[in-house]
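Novice:
In the working numbering, the protein residues as written are 515 to 653.
(1) Determine the closest residue to residue 602 out of 624, 581, 527, 618, with distance taken between C-alpha atoms.
(2) Which residue marks the beginning of the alpha helix (DSSP H) containing residue 517, and which one marks its end?
(3) Taking the alpha helix (DSSP H) that residue 545 falls in, what are its first and last residues?
(4) Between which two residues does the alpha helix (DSSP H) carrying residue 589 extend?
(5) Quick check on residue 643: does DSSP put it in helix, strand or coil?
(6) Which residues in the same chain have their Cβ closer than 7 Å to the Cβ of residue 649, if we skip the five residues on either side of it in sequence?
(7) Hey, would you say residue 520 sits closer than 8 Å to residue 532, going by beta carbons?
(8) Please list the terminal residues of the continuous alpha helix (DSSP H) segment that includes residue 610.
(9) When DSSP labels each residue in this structure, what does residue 538 get in the three-state scheme?
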């Protein structure tokens, strides 16, 4: 909560360094929203050195904990291939998982993604999606 308040400047004066400190503390305690926001800071180099490896680790941890925003972000990253290898099947799986957790953003992106996928990629994506559903239920 404090990290978001410092990051956004809502209720507290905006201070990205303090936001980083609070996100980092909460991420170390495996708090998925903090892992997600810290990952975004590392992806964008927002008041920290850009570190895509660290960002992807944090995003995966938050996503595997069931945090829909992180799942959606991973799907987008894998779709675009900007910070990770482009993989439409895995992009579909992460977006599908986020959509199943009521992510409107993911629900809106899936139809466009499907138009770019082959039938084989869709089948692989569905298989990976089932696997992710089981993994995130177990955690």
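C-beta: ideal position from N, C-alpha, C; glycine also. On a predicted model such as this, the values are computed, not experimentally measured, just so you know.
Specialist: Based on what the coordinates show:
(1) Closest by alpha carbon: 624.
(2) Looking at the DSSP string, the run of the alpha helix (DSSP H) that includes residue 517 is 516-522.
(3) No alpha helix (DSSP H) contains residue 545, which DSSP labels as neither H nor E.
(4) Element bounds for residue 589: 582-594.
(5) Residue 643: helix per DSSP, three-state reduction.
(6) So the list reads 578, once near-sequence residues are dropped.
(7) A contact, by the Cβ cut-off of 8 Å.
(8) 602-614 is the extent of the alpha helix (DSSP H) around residue 610.
(9) It is helical.
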